[in-house]
Amino acid sequence: MRLVTWNINSIRARLHHVDHFAETHNPDVICFQETKVTDNDFPTKALTKLGFEHYEIAGQKSYNGVAIFSKRPFEALECPIWCGKDDKRHVAVRFEDGTELHNFYIPAGGDIPDPEQNDKFAHKLEFMSSVRDWFAEKKHADNKFILVGDLNVAPYESDVWSHKQLLKVVSHTPIETDLMMEMMAAHDWVDAMRHFVPEPEQMYSWWSYRARDWRKSNKGRRLDHVWVTPALKSALKAMTIDLEARDREKPSDHAPVIVDFDL
DNA sequence: ATGCCGTATGATATACGA
Numbered sequence: 132m133r134l135v136t137w138n139i140n141s142i143r144a145r146l147h148h149v150d151h152f153a154e155t156h157n158p159d160v161i162c163f164q165e166t167k168v169t170d171n172d173f174p175t176k177a178l179t180k181l182g183f184e185h186y187e188i189a190g191q192k193s194y195n196g197v198a199i200f201s202k203r204p205f206e207a208l209e210c211p212i213w214c215g216k217d218d219k220r221h222v223a224v225r226f227e228d229g230t231e232l233h234n235f236y237i238p239a240g241g242d243i244p245d246p247e248q249n250d251k252f253a254h255k256l257e258f259m260s261s262v263r264d265w266f267a268e269k270k271h272a273d274n275k276f277i278l279v280g281d282l283n284v285a286p287y288e289s290d291v292w293s294h295k296q297l298l299k300v301v302s303h304t305p306i307e308t309d310l311m312m313e314m315m316a317a318h319d320w321v322d323a324m325r326h327f328v329p330e331p332e333q334m335y336s337w338w339s340y341r342a343r344d345w346r347k348s349n350k351g352r353r354l355d356h357v358w359v360t361p362a363l364k365s366a367l368k369a370m371t372i373d374l375e376a377r378d379r380e381k382p383s384d385h386a387p388v389i390v391d392f393d394l
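Numbers 132 to 394, taken from our numbering, label the letters of the first sequence in order.
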């Protein structure tokens, strides 16, 4: 099974990129974040035409929004209302073999890395803590879970272009990276991307729009994640970050992450 | 840390991203 997670930064603005990507890489499942559209206006037909006959979408106007499109059948799962806000950051499904797939868009967190001064940062920390606790309660050695998404945290030094210069920048502050380690420990998650590209090799999935030449400056961060439970670790086969997608005209600022499973 | 780009919207400025 070829699984993809991609913060698309507006599905409607990026439909032709999805076409090209699906034809080039032939994924079985694509998890989108930041679809930025209500369910009624979601261009589902364009996706089903590509063979993704099964989908689960959770969107709202303008902001956030997540979706799973799949060539394999699944059963949709109910998700909690995180932090008392129904802001469309989580969608989950269970495939016929029992594997559960959770797709998250964790809050970006604003600019000031202080929950006292910045409600968005407080929301981000509360969201992460809630996800940590929710999965901790579900923990079981037999669980075949996959968690993907734009988690908006680059946890390791080699997940950012400059560890020192980003220590006070939201996405790489110790309070966030520590909390992300707690999230991972709470369900014994395996970081599938780092399974294939271990530290200290640099690895990024996001590059700012503001750099004149994103490849040349290469001031990236690894904000996108694929985590699996230990029961799925031996099923991991390969991982690619599709840099070509970031190079296209009017791209998303995130590159798609492709993980192949023996499933 | 800086950059000043990109998305969306009852819009021609503003919120948000990170």
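Just so it is clear, CB atoms sit at the ideal spot from N, CA and C, and this is done for glycine as well.
How far does the beta strand (DSSP E) with residue i in it extend, from its first residue to its last?
i    : result
I102 : Residue 102 falls outside the range modelled here, since the chain spans only 132 to 394, and no answer is possible.
V357 : 355–359
I105 : No statement about residue 105 is possible, as the shown extent of the chain runs from 132 to 394 and does not include it.
F235 : 231–236
T169 : Here T169 belongs to no beta strand (DSSP E), and DSSP marks it neither H nor E.
K381 : Premise fails: K381 is in no beta strand (DSSP E) and is neither H nor E.
E187 : 185–189
L134 : 133–138
A369 : 367–372
L278 : 276–281
E154 : Looking at the DSSP string, E154 is not in any beta strand (DSSP E); the run it does join, the alpha helix (DSSP H), is 146–156.
L297 : Taken as a continuous stretch (DSSP letters only), L297 belongs to no beta strand (DSSP E), being part of the alpha helix (DSSP H) at 294–297.
I212 : Per DSSP, I212 belongs to no beta strand (DSSP E) and is neither H nor E.
A198 : 197–201
V224 : 221–226
Just to confirm before moving on: does the CB-CB distance between residue i and residue j stay below 7 Å?
i    : j    : result
E165 : C214 : no
I237 : L282 : yes
A362 : K270 : no
F173 : I188 : yes
D393 : A366 : yes
A317 : A267 : yes
I372 : V388 : yes
R104 : E313 : Any answer about residue 104 is impossible in this case: the structure gives the chain only from 132 up to 394.
E330 : S289 : yes
D396 : T136 : Given that the chain is displayed from residue 132 to residue 394, the structure contains no residue 396 and the question cannot be resolved.
R133 : D159 : yes
K368 : V321 : no
V168 : R143 : yes
Y186 : F200 : yes
Select from the options the residue whose C-alpha is nearest the C-alpha of residue i.
i    : options                : result
N195 : D170, M324, R263, K350 : D170
Q333 : T360, A366, A285, K299 : A285
E227 : K350, K202, P246, A267 : K202
L374 : S365, G241, A386, K364 : A386
R343 : H185, D384, P331       : D384
P246 : W358, L134, V301       : V301
T155 : T175, S261, L181       : L181
A323 : A272, H221, V279, P158 : V279
D217 : G190, M315, A198       : G190
D309 : N138, P211, M259       : M259
R377 : A369, K368, G351       : G351
Y233 : M132, Y287, K251, A198 : The residue you asked about is not Tyr; residue 233 is His in the sequence shown. When only C-alpha atoms are compared, the closest one is A198.
E231 : T136, V291, K295, A207 : A207
H221 : W338, S339, K368, N138 : N138
I415 : N140, H254, F235       : Outside the displayed span of the chain (132 to 394) sits residue 415, for which this structure offers no information.
Using 10 angstroms around the beta-carbon of residue i, count the other beta-carbons present and answer buried if the total reaches 16, otherwise exposed.
i    : result
E380 : exposed
T179 : exposed
R353 : buried
R341 : exposed
A272 : exposed
G240 : buried
K219 : buried
P204 : exposed
N157 : exposed
Where does the unbroken alpha helix (DSSP H) through residue i begin, and where does it stop?
i    : result
E268 : 250–269
A386 : Here A386 belongs to no alpha helix (DSSP H), and DSSP marks it neither H nor E.
L178 : 175–179
S348 : 345–348
F327 : 323–327
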